[in-house]
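In my numbering, the protein residues as written are 1332 to 1528.
Positions of the beta carbon are idealized from the N, C-alpha and C atoms, including for glycine.
These numbers come from a predicted model, not from an experiment.
Structure follows, in structure tokens:
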């Protein structure tokens, strides 16, 4: 069994797949964190705080300060408002009507803790949707894919057909911006495929 280079403080299958993709040996860990914005907290501040809080919670759960812990969080933002996971069908439709034919932002913050070191990065990607029809929305709701996704869609899944253009990080939209993470791994001398003996 490969010794983990870090703890991933998340049960997100997408984040696990992205770490596996670049050959990072890791162990996933579920953490419980209140995901509620503070009064007056901007989306970028909120997602950055959550990534840090998740990394802290992961380290507290492991109880080993020198074992690196990675926390991450992703939000979809439209008109400076955070679009969470849709609570029901009506909420999903409201999100899609808002995103239809428009550009929104996907923000993913990452935080890597190791000993006294704390490295944080924020990825912001612009995503433009095609205009959506009621039939498309009904069909997508029926797939069930949207129900646990921020903003009500998965760019790495069936929801990709809604996307006309992205400007920024594809992996950041999925949930873990590789172009931000790799320099963090390098700085803390943590292995991925290119640096593994």
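4-residue-minimum alpha helix (DSSP H) runs that sit fully inside the stretch 1381-1448, ordered along the chain: Here the runs fully enclosed are 1420-1430.
Using a Cβ-Cβ cutoff of less than 8 angstroms, which residues in the same chain neighbour residue 1477 once the five nearest sequence positions on both sides are dropped? 1417, 1423, 1471, 1483, 1484, 1485, 1490
Check whether the Cβ atoms of residue 1383 and residue 1442 sit closer than 8 angstroms, and answer yes or no. yes
Rounded to the nearest angstrom, what separates residue 1461 and residue 1429 at their Cα positions? 12 angstroms
Taking DSSP as the reference, what is the three-state secondary structure of residue 1456? strand
Which one of 1513, 1408, 1401, 1432 has the shortest CA to CA distance from residue 1495? 1432
Give every residue of the same chain whose Cβ lies closer than 8 angstroms to the Cβ of residue 1388, excluding the five residues on either side of it in the sequence, and list them in chain order. 1340, 1362, 1363, 1364, 1402
Assigned secondary structure, residue 1502 (DSSP; H/G/I helix, E/B strand, else coil): helix
In this structure, how does DSSP classify residue 1509 when only helix, strand and coil are distinguished? helix
Can you tell me whether residue 1332 is buried or exposed, with buried defined as 16 or more other CB within 10 angstroms of its CB? For residue 1332, the predicted model reports a pLDDT of 44, less than 50, meaning its position is unreliable and no value from the coordinates is stated.
Residue 1405 beta carbon less than 8 angstroms from that of residue 1506: Contact flag set, yes.
Which class does residue 1516 belong to by DSSP, given the choice of helix, strand or coil? In the structure shown, residue 1516 sits in a helix (DSSP, three-state: H, G or I).
Assign residue 1502 to buried or exposed, taking buried as 16 or more other Cβ atoms, counted over all protein chains shown, within 10 Å of its Cβ. Buried, because 16 or more other Cβ atoms sit within 10 Å of the Cβ of residue 1502.
Please classify residue 1529 as buried or exposed, where buried requires at least 16 other C-beta atoms within 10 Å of its C-beta. Shown here, the chain extends from 1332 to 1528; a query on residue 1529 therefore has no answer.
Does the beta-carbon of residue 1385 have 16 or more other beta-carbons within 10 angstroms, so that it is buried, or is it exposed? Buried: at least 16 other Cβ atoms inside 10 Å.
Where does residue 1360 fall in DSSP's three states? coil
Look at the alpha carbon of residue 1397 and the alpha carbon of residue 1519, and state the distance between them as a whole number of angstroms. 11 angstroms
Quick check: the Cα distance between residue 1480 and residue 1415, rounded to an integer number of angstroms? 8 angstroms
Limits of the unbroken beta strand (DSSP E) element including residue 1339: Following the DSSP letters along the chain, one finds residue 1339 inside the beta strand (DSSP E) bounded by residues 1337-1339.
Nearest-angstrom Cα distance between residue 1375 and residue 1453? In this structure, the CA atom of residue 1375 is about 8 angstroms from the CA atom of residue 1453.
Where does residue 1332 fall in DSSP's three states? Low confidence applies here, because residue 1332 scores a pLDDT of 44, under 50, leaving its location unreliable; read the following figure in that light. Reduced to three states, the DSSP call for residue 1332 is coil.
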